[in-house]
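J.: Okay, so the sequence shown: first residue is 7 according to our numbering, each after it adds one.
By construction, the Cβ of each residue, glycine as well, lies at the ideal position given by its N, Cα and C atoms.
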Amino acid sequence: MNIRFDPSGPLRGTLRPPADKSISHRAALLGAMGSRPLRIDNYLKAADTRSTREAVRALGAPVEAHFDGIVVCGNGLQGAHAVGRPIDVGNAGTLMRLLPGWLAGQQGRTFTLDGDASIRRRPVDRVIAPLTAMGARLRAAEDRYPPLVIDGAALQAADYTLPVASAQVKSCVLLAALVADGVSTVSEPVPSRDHTERMLLAAGVRIERDGTRLSLATVEELALDHVVVPGDPSSAAFFVAAAVLVAGSRITVEGMGCNWTRTGFFRILERMGANIAGDLEPPDPGGPITASEPVGDLEVSAGSLTATTVSEAEVPLAIDELPLVAVLGCFADGQTVVSGAQELRVKESDRIATVVTGLRGLGAEIEATDDGFVVTGTGGLRGGTLQTHGDHRLAMAGAVAGLASVDGVEVVGMEAAAVSYPRFGDDLAGLLEA
Ligand code: S3P
7 MNIRFDPSGP LRGTLRPPAD KSISHRAALL GAMGSRPLRI DNYLKAADTR
57 STREAVRALG APVEAHFDGI VVCGNGLQGA HAVGRPIDVG NAGTLMRLLP
107 GWLAGQQGRT FTLDGDASIR RRPVDRVIAP LTAMGARLRA AEDRYPPLVI
157 DGAALQAADY TLPVASAQVK SCVLLAALVA DGVSTVSEPV PSRDHTERML
207 LAAGVRIERD GTRLSLATVE ELALDHVVVP GDPSSAAFFV AAAVLVAGSR
257 ITVEGMGCNW TRTGFFRILE RMGANIAGDL EPPDPGGPIT ASEPVGDLEV
307 SAGSLTATTV SEAEVPLAID ELPLVAVLGC FADGQTVVSG AQELRVKESD
357 RIATVVTGLR GLGAEIEATD DGFVVTGTGG LRGGTLQTHG DHRLAMAGAV
407 AGLASVDGVE VVGMEAAAVS YPRFGDDLAG LLEA
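1) Using only the alpha-carbon positions, how far apart do Val5 and Arg128 sit?
2) Report the CB separation of Cys264 from Gly302 in whole angstroms; it is logged as a contact under 8 Å.
3) Closest to Leu275 by C-alpha separation, out of Leu311, Ala146, Val415 and Arg150, would be which residue?
4) Shortest alpha-carbon distance to Ser172 belongs to which of Gly396, Pro322, Val185 and Gly99?
5) Exposed or buried, what is Gly237 when buried is set at 16 or more other beta-carbons lying within 10 Å of its beta-carbon?
6) Indicate whether Gly158 and Gly111 have their beta-carbon atoms separated by less than 8 Å.
7) For the beta strand (DSSP E) that Gln393 lies in, which residues bound it at each end?
8) When you compare only the Cα positions, how much space is there between Leu220 and Glu371?
9) Does the beta carbon of Ile325 fall short of 7 Å from some heavy atom of the ligand S3P?
10) Go through the stretch 142 to 226 residue by residue and report every complete run of the beta strand (DSSP E) that reaches 3 residues or more, in order.
11) Smallest Cα separation from Ala208: which of Leu230, Thr269 and Ser198?
12) Taking only runs of the alpha helix (DSSP H) that begin and end inside the stretch 78 to 126, which ones reach a length of at least 4 residues, in chain order?
13) Could you tell me whether the stretch 173 to 187 touches the stretch 289 to 309, using the rule of 3 or more Cβ pairs below 8 Å?
14) Does DSSP classify Arg10 as helix, strand or coil?
15) Would you mind working out which of Asp122, Arg132, Pro153 and Gly107 sits nearest Ala142, comparing C-alpha positions?
16) Would Arg351 count as contacting chain D if we go by Cβ distances under 8 Å?
17) Could you tell me whether the Cβ atoms of Ala38 and Ile46 are closer together than 8 Å?
18) DSSP state of Asp326, grouped into three classes?
19) From the DSSP output, in three-state form, read off Arg429 for me.
20) For the candidate residues Gly436, Ala440, Ala435 and Arg429, whose alpha-carbon lies nearest to that of Ala52?
21) Under 8 Å, do Thr382 and Gly367 count as touching if we go by C-beta distance?
22) Taking DSSP as the reference, what is the three-state secondary structure of Ser28?
23) Is the distance from the Cβ of Val454 to the Cβ of Ala146 below 8 Å?
24) Please find out if some non-hydrogen atom of the ligand S3P comes closer than 7 Å to the beta-carbon of Gln174.
25) What residues in its chain sit with their C-beta under 8 Å from that of Asp54, if we drop five residues either side in the sequence?
26) Would you call Asn8 buried or exposed, if buried means 16 or more other Cβ atoms sit within 10 Å of its Cβ?
27) I'd like to confirm something about Thr100: is its beta-carbon nearer than 7 Å to some heavy atom of the ligand S3P, or not?
28) May I ask you to list the residues that DSSP assigns as paired with Phe379?
29) Is Thr269 helix, strand or coil when you go by DSSP?
30) Of the residues Gly293, Leu21, Gly340 and Asp433, which one's Cα is nearest the Cα of Thr315?
31) I need the straight-line Cα distance from Ala248 to Ala410, nearest angstrom please.
32) Mind checking whether the beta-carbon of Arg199 lies closer than 7 Å to any heavy atom of the ligand ATP?
33) Ile295 lies in the beta strand (DSSP E); which residues open and close that run?
34) Candidates Gly292, Glu194, Asp397 and Met205: which alpha carbon is nearest Gly217's?
35) Between the stretch 372 to 380 and the stretch 394 to 404, do three or more beta carbon pairs fall short of 8 Å?
36) Sorry if obvious, but does the Cβ on Glu349 come closer than 7 Å to a heavy atom of the ligand S3P?
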């Protein structure tokens, strides 16, 4: 599906972003691992989280609709049913990386996880390594790519240091640690999103953080009855970027998750001089884990930007918003540099390659590096055609570029947005009408 995004008038009004994708995935999985019904309010309605809902159902945990959310009835930590066919994760990398943590400890049962063409290009050796060290048995194509076959086994506690900061890998090991024997520790080089830690604490798990080192003891059962999913800051980011770029814009974002491990993009924007104010949780690296997810509002209006440098420690806190940093860099005064972001190469597309090629085609001065990109602001973007390569975040970044461009942008493959934000077009129309 090709959609044209023409230069627009100001964005005005209030946005309620869709439910957080990361938190929705985690809630459904913990629901399946629990032994009592878990009510999840505001569960994300999108392709990725539909895959998780269906996976959990296939594993024997009934899922029912409940007002604006779902109720998941798990069979306990050892209660995953064997599935006689591959579990289809669709395009959902988070499901592909988190679920093996739980399934690896389901003794005597075998599971296969597979997904779409993009998933089959995304490495799973990063979860095979720690799980194998815990005693799990897993197989993958070329030892690296899905389909991933998991033979459930008795697991020993982990003592694992992540080679790169990845919340998906960290969460996988934490879920395995729940069903392993003893106290596990997991260390990450720099903090990444901590939704799993917060939700496990809320479920009564003894999980502690000391700097970037986590320790977690196994439990008999999870005690979690209710999760309310906040709005997704990564989805809000598209309209926040558009409001910063399109002259005369002023929007309010309501009900957004403000967890500091997810809001690095907004801090980058502040540094670039954007007019942005709100309820962001202050960064607290190494501080104690809290069981709650902060929710708040943001006020954003258009203004000029100066270039910035995004370094390695900031990357995990803004990982999914880095394509938008590239778009903003085209409009900023000076050279915007993103480094330490080689993880972008293994996202839904190789986001260093697809962002650089895509924005160049719109007139940007942008160069790829091994671990990021360098953008020289030229005061704007001409426009043209952008291929999404089936990547939802590239599709929506292309739309934002179009609204702020001179000639408009034709986005080829806009349907990819449905992976995380099916209502994207409607929400845009609402902000342009208001
Ligand atoms: C996610 C973590 C990030 C992010 C992805 C969702 C999560 O991946 O890019 O969209 O929900 O844990 P990595 O942790 O592998 O960087």
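T.: By the coordinates alone:
1) Within the shown structure, residues of the chain are numbered from 7 to 440, placing residue 5 beyond reach of any answer.
2) With a beta-carbon spacing of about 4 Å, Cys264 and Gly302 fall inside the 8 Å limit used to define contacts.
3) Among Leu311, Ala146, Val415 and Arg150, the Cα nearest to that of Leu275 belongs to Leu311.
4) The candidate whose alpha carbon is nearest that of Ser172 is Pro322.
5) Counting C-beta atoms within 10 angstroms of its own C-beta, Gly237 has 16 or more neighbours from the protein chains shown and is therefore classed as buried.
6) Contact: yes.
7) Looking at the DSSP string, the run of the beta strand (DSSP E) that includes Gln393 is Gly390 to Gln393.
8) Rounded to the nearest angstrom, the two C-alpha atoms are 42 Å apart.
9) Yes, since a heavy atom of the ligand S3P falls inside the 7 Å radius drawn around the Cβ of Ile325.
10) 143 to 147, 151 to 157, 165 to 167, 189 to 193, 213 to 216 and 219 to 223, all fully within the stretch 142 to 226.
11) Looking at Leu230, Thr269 and Ser198, the one whose alpha-carbon comes closest to that of Ala208 is Leu230.
12) 99 to 109, all fully within the stretch 78 to 126.
13) In short, these stretches do not touch, since the Cβ pair count stays below three.
14) In this structure, Arg10 counts as strand in the three-state DSSP scheme.
15) Considering only alpha carbons, the answer is Gly107.
16) As a matter of chain content, chain D is missing from the structure shown, which is built from one protein chain.
17) No. Outside cutoff.
18) Helix at Asp326.
19) Look at Arg429 here: in three-state DSSP terms it is coil, with no helix or strand label.
20) It is Arg429 whose Cα lies nearest to the Cα of Ala52.
21) Not a contact, by the Cβ cut-off of 8 Å.
22) In the structure shown, Ser28 sits in a helix (DSSP, three-state: H, G or I).
23) Not covered by the structure: residue 454. The range shown for the chain is 7 to 440.
24) Yes; taking the cut-off as 7 Å, the Cβ of Gln174 has a heavy atom of the ligand S3P nearer than that.
25) Counting only Cβ-Cβ distances below 8 Å, and skipping sequence neighbours, we find Lys27, His31, Gly96, Asn97, Ala98, Thr100, Leu101, Val425 and Ser426.
26) Residue environment analysis places Asn8 among the exposed positions, since fewer than 16 neighbouring C-beta atoms fall within 10 angstroms of its C-beta.
27) The answer is yes for Thr100.
28) Answer is Val344 and Ala374, bridged to Phe379.
29) Coil.
30) Nearest Cα to Thr315 within the set Gly293, Leu21, Gly340 and Asp433: Gly340.
31) Cα-Cα distance, rounded: 7 Å.
32) Among the ligands modelled here, namely the ligand S3P, the ligand ATP does not occur.
33) In the DSSP assignment, Ile295 falls outside any beta strand (DSSP E), carrying neither H nor E.
34) Gly217 has its Cα closest to that of Gly292, out of Gly292, Glu194, Asp397 and Met205.
35) Put simply, the stretch 372 to 380 does not touch the stretch 394 to 404. Fewer than three CB pairs are less than 8 Å apart.
36) A distance criterion of 7 Å places the beta-carbon of Glu349 in contact range of the ligand S3P, judged by its closest non-hydrogen atom.
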